[in-house]
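A quick write-up on the structure given underneath.
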Amino acid sequence: MSKANNATTWALACRLFGNEEPTLESALSDPERGALAALGEIRAVKQHQLDLRYVLCPYCQLHRGQVVQTVTGLACQCPDCGSIAVDAVDRQAWLFDPDWLIRKLRGALNVPAQQGAVAMVNGVWRLGTYQRRPVILSRCLDLLLQQPSLIARTRSAAIPWLITPKPLRDVVDDPLAGAAAWLPLEERFTLYGGNISFMEPEAVADAAVYADIIEAVNGPFSTDFRWVHLPGESAPIGLSEAHASVFGAFWHFGGQEQEAHSVMSRAGLTSDKPIDVFKVKTKNKGDPKYEGPLRAYRELVKTNQRAGTYAMPCAAKVTS
Ligand SMILES: [Zn+2]
0 MSKANNATTW ALACRLFGNE EPTLESALSD PERGALAALG EIRAVKQHQL
50 DLRYVLCPYC QLHRGQVVQT VTGLACQCPD CGSIAVDAVD RQAWLFDPDW
100 LIRKLRGALN VPAQQGAVAM VNGVWRLGTY QRRPVILSRC LDLLLQQPSL
150 IARTRSAAIP WLITPKPLRD VVDDPLAGAA AWLPLEERFT LYGGNISFME
200 PEAVADAAVY ADIIEAVNGP FSTDFRWVHL PGESAPIGLS EAHASVFGAF
250 WHFGGQEQEA HSVMSRAGLT SDKPIDVFKV KTKNKGDPKY EGPLRAYREL
300 VKTNQRAGTY AMPCAAKVTS
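Count the sequence shown with numbering that gives the first Met the number 0 and you get residues 0 to 319, in order.
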């Protein structure tokens, strides 16, 4: 294994990923060449066949010059420096393999294997989901800042994760103003033993977990039915365990009309009718903590008085 340290190697990987063009080995510093060799060993970079008629001048590394055969070997005809001898390394170029990065990032985030990675546009991929939120990988942050519609195209209600290398300029922590949770490649991930690991900062973790808990997953409801998002309301409504059990039971019946006792036994509750659980006691009138769930019940559950049945139509509209 090469002696290059992990930090240098990972920093170079992030930089090369951001650059679609092949990288000339001669343009790298000595530590970076060691890092490049390490990236070659783990197959993150591949040798790239350059147009050998022209190379970057080995002396000034500013101009490209025509390569000519001289008595002492090959030489670059630099417009500024004149004839400069060309070593093998001067003609060696490497191309970063984005598929390698995609594979390793999916591993780091435990993206389920059945979710394939999809190229959205040149330089932007959808890697699958992490914590039920889409993961987008982009060669650079600016691609997304210039085309915000790409984020909308992830076709999900959840705020996506966005992985990009850090731009050279300073950027704020939340460059997409809430439209995506940015995970700078250099800061949130690290390379070790040929694999990438994800470093989840507490703050990101907490925000993500909270967003996750309240996120509408089952129709307008969160995973555990403890939160409901009503159309036209910006804040979700918190539900008690009993409320959640009733809505969970309605969800189970998929919009089918049911008698009260089926719903209540499915919910594991002893009340006679679903509405009993939502009734607001006089002392709690006007308290959003109690009025919210009742409002949700009235909006989502349809009662057929004559037949004595109940149904939650939104449970029938599940497409995914
Ligand atoms: Zn030159």
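Each residue gets a CB set at the ideal place from its N, CA and C atoms; glycine is no exception.
Taking the Cβ atom as the reference point for each residue, do Pro235 and Val227 lie within a distance shorter than 8 Å? yes
Quick check: is any heavy atom of ligand 1 less than 7 Å from the C-beta of Tyr58? yes
Spatial distance of Lys284 from Tyr296 (CA atoms): 16 Å
If you pair each beta-carbon of the region 100-117 with each one of the region 80-90, do three or more pairs fall below 8 Å? no
From Arg168, His47, Pro97 and Leu61, residue whose alpha carbon lies closest to that of Val88: His47
Inspect the beta-carbon positions of Arg131 and Glu214 and report whether they are closer than 8 Å. yes
Would you say the beta carbon of Asp50 comes nearer than 7 Å to a heavy atom of ligand 1? no
Taking the straight line between their C-alpha atoms, what separation do you get for Val123 and Leu23? 24 Å
Pro287 bridges to which residues according to DSSP? The partner list for Pro287 (beta bridge, DSSP) is empty, contrary to what the question assumes.
Taking only the alpha-carbon atoms, compute the straight-line gap between Glu185 and Glu232 and give it to the nearest angstrom. 38 Å
Let me check you understand the geometry: is the CB of Asp86 closer than 7 Å to at least one non-hydrogen atom of ligand 1? no
Can you find a heavy atom of ligand 1 that lies under 7 Å from the Cβ of Asp89? no
Measure the alpha-carbon distance for Pro325 versus Ile41 and round it to whole angstroms. The chain is shown from 0 up to 319; residue 325 falls before or after that span and cannot be answered.
May I ask which residues mark the beginning and end of the beta strand (DSSP E) holding Lys301? Lys301 to Asn303
Contact under 8 Å by Cβ, Tyr191 with Trp160: no
Spatial neighbours of Tyr53 within its chain, please: C-beta separation below 7 Å, excluding the five flanking residues on both sides. Arg63, Gly64, Gln65 and Val66
Gly253 versus Cys313 - alpha carbon distance: 8 Å
For Lys272, which of Lys301, Arg90, Val70 and Leu140 has the nearest alpha-carbon? Lys301
Reducing DSSP to helix, strand and coil, say where His242 ends up. helix
Would you say Gly247 and Phe277 are within 8 Å of each other, going by their C-beta atoms? no
Return the first residue and the last residue of the alpha helix (DSSP H) that Pro97 is part of. Pro97 to Ala107
Counted within 10 angstroms of its Cβ, other Cβ atoms place Leu167 as buried (16 or more) or exposed: exposed
Nearest-angstrom Cα separation, counted from Ser221 out to Ile212: 7 Å
State the Cα-Cα distance for the pair Ser148 and Leu175, rounded to the nearest angstrom. 12 Å
Where does Val320 sit, in a helix, a strand or coil, going by DSSP? Nothing about residue 320 can be read from this structure; the chain reaches only from 0 to 319.
Thr8 classed as buried or exposed, judged by whether at least 16 other C-beta atoms fall within 10 angstroms: buried
Where do the ends of the beta strand (DSSP E) carrying Pro219 lie? Counting along the chain, Pro219 falls outside any beta strand (DSSP E), and DSSP gives it neither H nor E.
Thinking just about the alpha-carbon of each residue, which of Tyr309, Leu299 and Glu31 is nearest to the one in Pro230? Leu299
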